[in-house]
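Peer 1: For the protein sequence lines, the chains are A and L, in the order given.
Residue 1056 in this note's numbering sits at position 100 of the first sequence; the count goes up by one each step and never skips.
Residue 650 in this note's numbering sits at position 150 of the second sequence; the count goes up by one each step and never skips.
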Amino acid sequence: MNTLDEQLRELIPRMRRFALSLTRNSSSADDLVQASLERALSSWAGKRAEGDVRAWLFSILYRQFLDAHRRSRRYARMLEFFTGRDDAEPSTERTVIAQSTLQAFDRLPTEQRALLLMVSVEGLTYKEVADILDVPTGTVMSRLSRARQALRQLSDGEISSPSLRILK
Amino acid sequence: MISMPPSERDLHAYVDHQLSEADRRVLDAWLANHPDAAAQVRAWQQDAQQLRAALGGALQQPANPELDPALIRQRLKRQSHRRLASAAVLLIAVGIGGFSGWQAREMTLVRSSVLPMTDALQAYRLIAQQGILPADYKVDTDGDMQRWLDRYFTQASRLPDLKSAGFEPVSGRLLSTDEGPAAMVMYEDRSGHKVSFYVRPPGPKNTFLPRGSRSDGDLQADYWSGGGYNYAMVSPVDTPAAPMLKQSLPF
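1. I want to see whether chain L comes within less than 8 Å of L1089(A), judged by CB atoms only; does it?
2. Against chain L, does Y1082(A) count as a neighbour if the rule is that its beta carbon must be under 8 Å from one of theirs?
3. Write down the C-beta distance between L1107(A) and L1080(A) rounded to the nearest angstrom, noting that I regard them as a contact closer than 8 Å.
4. Buried or exposed for I632(L), please, with buried defined as at least 16 other CB atoms from any protein chain shown within 10 angstroms of its CB.
5. Just to confirm the assignment, what range does the beta strand (DSSP E) spanning Q720(L) have?
6. Drop a sphere of 10 angstroms on the beta-carbon of P665(L), count the other beta-carbons inside from all chains shown, and report buried for 16 or more, exposed for fewer.
7. Flag this pair as touching only if the stretch 643–652 of chain L and the stretch 726–741 of chain L have three or more C-beta atom pairs under 8 Å; answer yes or no.
8. Report buried or exposed for H512(L), applying the criterion of at least 16 other Cβ atoms within 10 angstroms of its Cβ.
9. Kindly indicate if chain A contains any beta-carbon less than 8 Å away from that of E508(L).
10. Comparing the C-beta of R542(L) with each C-beta of chain A, is any distance below 8 Å?
11. Give the range of the alpha helix (DSSP H) segment to which S984(A) is assigned.
12. Pull up the distance between the alpha-carbon of W648(L) and that of L674(L), whole angstroms please.
13. Closer than 7 Å between beta carbons: that is the criterion. Which residues of the stretch 504–532 of chain L meet it against chain A?
14. Determine the DSSP secondary structure at K638(L), reduced to helix, strand or coil.
15. Let me know the secondary structure DSSP gives L531(L) once reduced to three states.
16. Closest to E668(L) by C-alpha separation, out of S748(L), K577(L) and G557(L), would be which residue?
17. Using DSSP with H/G/I as helix, E/B as strand and the rest coil, what is E1078(A)?
18. Pick out whichever of L976(A), I1016(A) and V1009(A) has its Cα sitting closest to the Cα of Q561(L).
19. In whole angstroms, give me the CA-to-CA distance for A553(L) and R542(L).
20. Take every Cβ of the stretch 978–994 of chain A, pair it with every Cβ of the stretch 563–571 of chain L, and state whether three or more of those distances are shorter than 8 Å.
21. Mind listing which residues of the stretch 556–586 of chain L have their C-beta closer than 7 Å to chain A's C-betas, in chain order?
22. With the cut-off set at 8 Å, would you say A620(L) and A721(L) are in Cβ contact?
23. For D516(L), is the beta carbon positioned less than 7 Å from some heavy atom of the ligand HEM?
24. Compile a chain-ordered list of the residues in the stretch 721–740 of chain L whose CB is closer than 8 Å to at least one CB of chain A.
25. Is the Cβ of S1076(A) closer than 8 Å to any Cβ of chain L?
26. Using CA coordinates, which residue listed in M686(L), P702(L) and R690(L) is at the minimum distance from S696(L)?
27. R995(A) to S983(A), Cα distance in whole Å?
28. When the Cα atoms are used, what is the spatial distance from E1084(A) to Q1068(A)?
29. With DSSP as the reference, identify every bridge partner of A683(L), one or two as the case may be.
30. Within a Cβ cutoff of 6 Å, which residues of the same chain sit near W544(L), ignoring the five residues on either side of it in sequence?
31. Taking G712(L) as the reference, which of D678(L), V670(L) and Y723(L) has the closest Cα?
32. Could you spell out where the beta strand (DSSP E) holding R771(L) opens and where it closes?
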């Protein structure tokens, strides 16, 4: 059992980074990580991870995020509290934001952020990402293409509000 | 194998190192002759590279001790113990319920049944007067009692506010009765007088009660129905605050 704890400890910084990229707020990010770890630890006995532990944890975290997001959407004010408004400027806690890439990244919709983080930063396979997002691999690839394009345009300085761009 | 010319997906897969070694070499060769596509691929690679660098900092956050797996494991264990403990309380309540139900039955044999909320009076005697049953739950802060009750009786009416009569909720007890699970909340005033609020389902015959009151020996019961439950307030007949209490009842 302690080897699992060791594995988890090693992966916690990555979970926190993923959570931060989803919530854009470090305290909600840690709440999200904590809830995900609880879920992971209580379902571990039933599910011996046959695949990558990291992908498994990411998928728990993503699902927890969506659940919380959905729940909080019912309370518009809660949403502001939980994630910050979706098109809001990055919260002051995100002092890390200096580079234009990161600024551009932060302006992307949640799902594109999750996708780029998992593929480009974490290097998960398309198949793993497809499982996490619960969509076919082909969908992952077309969404990835759109996400890359959006990131490219935003970091090229074509600062247009993402909601105004027509995405196929 | 990828086919030539490569699709955009192939180019992404190339950027993400998700092509086989053979495909990769084929694409390397193709890109060497197609500068536009090569520039596009380089731009994506650069973005990915910059993103990795930019997000690298987020891996260096100071550790948050709340997230330690061992701690979380402990917390989960405590939670499940607490759940087991409350299950045990229910079992005990069922056991004792048999006993108090039996006492109640004795009473109903003597008097011709159907006196409403006899079990509420019986519970008061067992808990408040004879001290036979300890409380399951004691109040720490204001509002806890309501939360405790809400765990078991989700739609029950709010606990009556008896502050004006000088009474505050102090403890709670779960019981089992012939009519179903019941809860009794004990109120006390400064001089130790006790009154109880009692709630349970209407029972298998769905006996809802018109508002009423009756006395039984040294005790007085006010009873009513609402929100799918039956309620009773039980107090000693000689409670000095009786008129005040009566005013505080939620009807």
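Cβ coordinates follow ideal geometry from the N, Cα and C atoms, glycine included.
Peer 2: Result, derived from the coordinates:
1. Along the first sequence, read from residue 1 onward, the residue named residue 1089(A) stands at position 133. With 8 Å as the cut-off, L1089(A) does not count as an interface residue toward chain L.
2. Translated into positions along the first sequence, residue 1082(A) becomes position 126. Yes, because at least one Cβ of chain L sits closer than 8 Å to the Cβ of Y1082(A).
3. On the first sequence, residue 1107(A) is found 151 positions in, with the first residue counted as 1. On the first sequence, residue 1080(A) is found 124 positions in, with the first residue counted as 1. Not really, about 17 Å apart at Cβ, beyond 8 Å.
4. Numbered from 1 along the second sequence, position 132 holds the residue referred to as residue 632(L). Under this definition I632(L) is an exposed residue.
5. Taking the first residue of the second sequence as 1, we reach residue 720(L) at position 220. First-last of the beta strand (DSSP E) with Q720(L): L719 to G726.
6. Indexing the second sequence from 1 puts residue 665(L) at position 165. A quick correction: the sequence has Ala, not Pro, at residue 665(L). Looking at its Cβ environment, which holds 16 or more other Cβ atoms inside 10 Å, A665(L) is buried.
7. no
8. As a first step, residue 512(L) is located in the second sequence; it is residue number 12 there, counting from the start. Its Cβ being crowded by 16 or more others within 10 Å, H512(L) is buried.
9. If you number the second sequence from 1, residue 508(L) lands on position 8. Yes, because at least one Cβ of chain A sits closer than 8 Å to the Cβ of E508(L).
10. As a position in the second sequence, residue 542(L) is number 42, starting the count at 1. It does not: the Cβ of R542(L) has no partner Cβ on chain A nearer than 8 Å.
11. In the first sequence, residue 984(A) corresponds to position 28, counting from 1. Per DSSP, S984(A) belongs to the alpha helix (DSSP H) from S982 to S999.
12. The sequence position of residue 648(L) within the second sequence is 148, counting from 1. The sequence position of residue 674(L) within the second sequence is 174, counting from 1. Approximately 10 Å between the Cα atoms of the pair.
13. E508, R509, H512, D516 and Q518
14. For the purposes of this step, residue 638(L) is identified with residue 138 of the second sequence, where counting begins at 1. It is a strand residue.
15. Numbered from 1 along the second sequence, position 31 holds the residue referred to as residue 531(L). Looking at L531(L) - three-state DSSP - the assignment turns out to be helix.
16. By one-based count along the second sequence, residue 668(L) stands at place 168. Per the Cα distances, S748(L).
17. By one-based count along the first sequence, residue 1078(A) stands at place 122. Looking at E1078(A) - three-state DSSP - the assignment turns out to be coil, as it is neither helix nor strand.
18. Counting from one through the second sequence, the residue named residue 561(L) turns up at place 61. Of L976(A), I1016(A) and V1009(A), the residue nearest in Cα terms is L976(A).
19. The count along the second sequence starts at 1 and reaches residue 553(L) at position 53. The count along the second sequence starts at 1 and reaches residue 542(L) at position 42. About 16 Å.
20. yes
21. G557, A558, L559, Q561, N564, E566, L567, P569, A570, I572, R573 and L576
22. In the second sequence, residue 620(L) corresponds to position 120, counting from 1. In the second sequence, residue 721(L) corresponds to position 221, counting from 1. Yes, the pair counts as a contact, with Cβ atoms nearer than the cut-off.
23. Only the bare structure without any ligand can be found here, which leaves the ligand HEM out of the picture.
24. none
25. Position 120 of the first sequence, counting from 1, holds the residue named residue 1076(A). Taking Cβ atoms only, chain L reaches closer than 8 Å to S1076(A), which makes this a yes.
26. Residue mapping note: residue 696(L) aligns to position 196 of the second sequence, counting from 1. When each option's Cα is compared against that of S696(L), the closest is M686(L).
27. In the first sequence, counting from the first residue as 1, residue 995(A) sits at position 39. In the first sequence, counting from the first residue as 1, residue 983(A) sits at position 27. For R995(A) and S983(A), the distance between alpha carbons rounds to 18 Å.
28. The residue you call residue 1084(A) lines up with position 128 of the first sequence. The residue you call residue 1068(A) lines up with position 112 of the first sequence. Answer to the nearest angstrom: the Cα atoms are 16 Å apart.
29. Reading the second sequence from its first residue, position 183 is the one you call residue 683(L). Note: A683(L) sits in a beta bridge opposite L674(L) and V699(L).
30. One-based indexing of the second sequence puts residue 544(L) at position 44. Cβ within range, chain order: V515.
31. Position 212 of the second sequence, counted from the start, is the residue given in the question as residue 712(L). Answer by Cα proximity: Y723(L).
32. Because chain L is modelled from 501 through 751, residue 771(L) falls outside the range shown and cannot be assessed.
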